[in-house]
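Terminal number for the sequence shown in my numbering: 432, no gaps in between. For reference, the structure is listed below as C-alpha cells.
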Amino acid sequence: MLGLCLGLAGSIWAQVPAEQMTLSWTHTIEKIRWAEDYRILPNGFILEQARVKGSGAGMEIPADAVLKDGSWHYQPKLPLLPTLRLGRTPEAGDYQLCVSSANNKVQCHAMSYWVGEPTTAQPSIELWACDIPN
C-alpha cells in the first residue's frame, strides 16, 4: 500500500497510508495561510495546486493565479519532487497535514499528531513516498 513516510535522513518516525495530501501552514512573518495539494506517487510527489490568502515576504502571487473563496489558487509547474524537507520549529508553529487514501476518507491533523511537537533540537522533517505493509 502506498503511503507517506515522515522522518529524517531515512529514519522513519511515522507512516501514514495516503495517495494524496494537503500540507498547510501559516507564514511566520506575514501570518498568511498557505496550502499545497500533492499527489503521492511511488517515486515522489506532484504538486498539483497551491493556495495562498495574500502576498508578502517571499510569497509573491503568480500572474496566472485566480482569486476564489478568499485565496489565490494556482498550479505550480514543478517536476516530480522525490522528498519534501520542511523546517519545523516551536516558534513557527506546526503544519497541518490532511491525507486521503483509496477510500477517499480525508484525515486532517497537526503534524505533531504523527511525530510529536516541533523542537529546536530537531528543526526539520522530511516527507517521502513509501510502501506501507497491510
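Where a beta carbon is used, it is the ideal one built from N, C-alpha and C, also for glycine. Source: prediction; values computed, not measured.
Annotation for G368: K351 place their beta carbon closer than 7 Å to its own, counting only its chain and skipping 5 residues before and after.
Counting along the chain, the unbroken alpha helix (DSSP H) around Y411 starts and ends at S410 to V413.
The beta carbons of L302 and M319 sit about 6 Å from each other, so the pair counts as a contact at 8 Å. When the Cα atoms are used, E415 and D392 turn out to be separated by approximately 8 Å.
For I310, the enclosing beta strand (DSSP E) has its first and last residue at S309 to P315. With respect to Q420, A408 sits apart: the two C-beta atoms are not nearer than 8 Å.
Spanning the alpha carbons of E317 and I359 requires a straight line of approximately 27 Å. Cβ-Cβ separation between S399 and P315: approximately 5 Å, consistent with a contact (criterion under 8 Å). The Cβ atoms of E334 and A348 sit closer than 8 Å to each other.
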